[in-house]
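Beneath this line is the structure, given in structure tokens, with notes to follow.
Numbering (my numbering), first residue to last: 7 to 76.
Take a look at the structure:
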């Protein structure tokens, strides 16, 4: 946004995002914090930890919850 010097930006997403699924996977290897994906994943890490710790939701419900709050 800053590079493009625009006032508004529309962010669109999609369901069943691989990045969201990876953020919830506690067994996945961490990404490098220096690359784009690693930076993005670090932004949602606190929310992912909270959602992942919920034992009352199915895996699909956790993924949907993180998609909605991220």
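Every residue gets a Cβ at the ideal spot worked out from N, C-alpha and C, and that includes glycine.
Are residue 76 and residue 43 touching if we call contact CB-CB under 8 Å?
Translated into the one-based positions of the chain shown, residue 76 becomes position 70. Translated into the one-based positions of the chain shown, residue 43 becomes position 37. Cβ distance not < 8 Å, so residue 76 and residue 43 don't count as in contact.
Presumed contact (8 Å Cβ cut-off) between residue 12 and residue 30, rounded CB distance
As a first step, residue 12 is located in the chain shown; it is residue number 6 there, counting from the start. As a first step, residue 30 is located in the chain shown; it is residue number 24 there, counting from the start. So it is not a contact: roughly 32 Å between Cβ atoms.
Could you have a look at residue 1 and say whether DSSP puts it in helix, strand or coil?
Residue 1 lies beyond the range of the chain shown here (7 to 76); nothing can be said about it.
Taking C-beta to C-beta, are residue 73 and residue 24 nearer than 8 Å?
Counting from 1 along the chain shown, the entry for residue 73 is found at position 67. Counting from 1 along the chain shown, the entry for residue 24 is found at position 18. Residue 73 is not a Cβ neighbour of residue 24, given a cutoff of 8 Å.
What would DSSP say about residue 47, mapped onto helix, strand or coil?
By 1-based counting over the chain shown, the position of residue 47 is 41. If DSSP states are grouped into helix, strand and coil, residue 47 belongs with the helices.
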